[in-house]
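Engineer: Under the numbering used here, the final residue of the sequence shown carries the number 243; numbering is consecutive throughout.
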Amino acid sequence: MAREKYAFTDKDPHSLGELARVLYLGTKAVRRQQRGKSIRAIENEIDRIREEAQAREDARNKRRR
179 MAREKYAFTD
189 KDPHSLGELA
199 RVLYLGTKAV
209 RRQQRGKSIR
219 AIENEIDRIR
229 EEAQAREDAR
239 NKRRR
């Protein structure tokens, strides 16, 4: 059974691991963009991480009510 992820702060839904991953992907995207390469796949991955984090927090908030 996987460990449940918790939001790093109460201001955003991302866990510490997700924040680190988004930061890494963001810096990777900047480097690729400077070289003139496409960053669409990286942007899609960041969007997927954000959507999963938001869905998890929405479900958690729904259970609390």
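All residues carry an ideal CB built from backbone N, CA and C; glycine is no exception.
Label residue 179 either buried or exposed according to how many other C-beta atoms from any shown protein chain fall within 10 Å of its C-beta, with 16 as the threshold for buried.
Structural biologist: Note on residue 179: pLDDT 48, under 50, position unreliable in the model; no value is reported.
Engineer: Residue 224: which of 190, 233, 209 and 201 sits nearest, CA to CA?
Structural biologist: Per the Cα distances, 201.
Engineer: Given this structure, state the Cα-to-Cα distance separating residue 243 from residue 235, to the nearest angstrom.
Structural biologist: Distance between the alpha carbons of residue 243 and residue 235 is about 13 Å.
Engineer: Could you check if residue 237 is buried or exposed, using at least 16 other CB atoms within 10 Å of its CB as the buried criterion?
Structural biologist: Result: exposed.
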